[in-house]
Amino acid sequence: MQKTDEEWRKQLTPGQYKILREHGTERPFSDTYDKFKKQGKGTYHCAGCGAELFSSREKFDAHCGWPAFFDASKHENLKTIKDTSFGMVRVEVRCKKCNGHLGHIFEGEGFKTPTDQRYCINGAVLKFVPDKPEAKSAAKEKAKKKQ
Ligand SMILES: [Zn+2]
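If you count the sequence shown from 1, position 112 lands on 220 in our numbering, and the numbers rise without skipping.
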């Protein structure tokens, strides 16, 4: 997806533009982080292009002030780049479809998750789409309540 700078500025909020197009980082423990923590089941999409990136299944609370996932739900929509800015070696994660900056991946921090990875993502560039209650899962819920 190729868009001009002007088109991005029109489509995105100034905060989203700063993160996606200028590799900015939102401040920790922001309003979006509060909202993120309260969100239930659903999927997280790129605010730039709508591609699915993560889901609530990979979400965990890392207490770091930014939305954290231990894995992506759609690896094909993400790409990683070695980032050596600020004198650190980090792995940057971007949306593959629109090349928007999302955050970084940290590894081996000792979180009790299946991957020991932390996708540290800016909440402002994630669009949450709640799961639609399907007939099947509704039936399952009913069965659970009966037990
Ligand atoms: Zn995107």
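The beta-carbon is built from N, C-alpha and C at its ideal position, and this holds for glycine as well.
Can you give the Cα-Cα distance for residue i and residue j, rounded to whole angstroms?
| i | j | result |
| --- | --- | --- |
| Gly-150 | Ala-159 | 14 Å |
| Phe-194 | Pro-241 | 44 Å |
| Pro-222 | Arg-165 | 12 Å |
| Lys-167 | Glu-114 | 33 Å |
| Lys-143 | Asp-169 | 13 Å |
| Ile-189 | Leu-128 | 14 Å |
| Ala-176 | Thr-192 | 21 Å |
| Tyr-152 | Glu-184 | 14 Å |
| Pro-238 | Ile-229 | 18 Å |
| Gly-123 | Ser-138 | 12 Å |
| Thr-133 | Phe-178 | 19 Å |
| Gly-148 | Lys-235 | 13 Å |
| Met-196 | Cys-206 | 25 Å |
| Ile-213 | Trp-174 | 12 Å |
Since residue i is in the beta strand (DSSP E), which residue starts that stretch and which ends it?
| i | result |
| --- | --- |
| Gln-110 | It is not in any beta strand (DSSP E) - Gln-110 carries neither H nor E in the DSSP assignment. |
| Pro-241 | Per DSSP, Pro-241 belongs to no beta strand (DSSP E) and is neither H nor E. |
Using C-beta distances below 6 Å, list every residue in its chain close to residue i, excluding the 5 sequence neighbours before and after it, in chain order.
| i | result |
| --- | --- |
| Thr-140 | Gly-231, Ala-232 |
Looking only at its chain, what residues have a beta carbon closer than 8 Å to the beta carbon of residue i, apart from the 5 residues adjacent to it on each side?
| i | result |
| --- | --- |
| Leu-186 | Leu-161, Ala-180, Val-201, Arg-202, Cys-203, Lys-204, Leu-210 |
| Gln-119 | Lys-111, Gly-156 |
| Cys-172 | Pro-136, Arg-226, Cys-228 |
| Thr-121 | Ala-232 |
| Lys-145 | Asp-169 |
In the DSSP assignment, find the alpha helix (DSSP H) that holds residue i and state where it starts and stops.
| i | result |
| --- | --- |
| Pro-122 | 122-130 |
Skipping 5 residues on each side, what residues in its chain have a beta carbon closer than 7 Å to that of residue i?
| i | result |
| --- | --- |
| Arg-117 | Tyr-125 |
| Gly-216 | Asp-224 |
Since residue i and residue j should fall inside the 8 Å C-beta cutoff, what is the C-beta to C-beta distance between them, to a whole number of angstroms?
| i | j | result |
| --- | --- | --- |
| Gly-218 | Cys-154 | Between Cys-154 and Gly-218 the Cβ distance is about 29 Å, and since that is not below 8 Å, they are no contact. |
Scan the region 137-187 and note each continuous beta strand (DSSP E) run of 3 residues or more that stays entirely inside, going in chain order.
Taking only runs of at least 3 residues, the beta strand (DSSP E) segments lying wholly in the region 137-187 are 150-154, 160-163.
Ordered list of beta strand (DSSP E) runs contained in the region 198-226, each at least 3 residues
Scanning the region 198-226 from its first residue to its last, the whole beta strand (DSSP E) runs of 3-plus residues come out as 198-203, 209-215.
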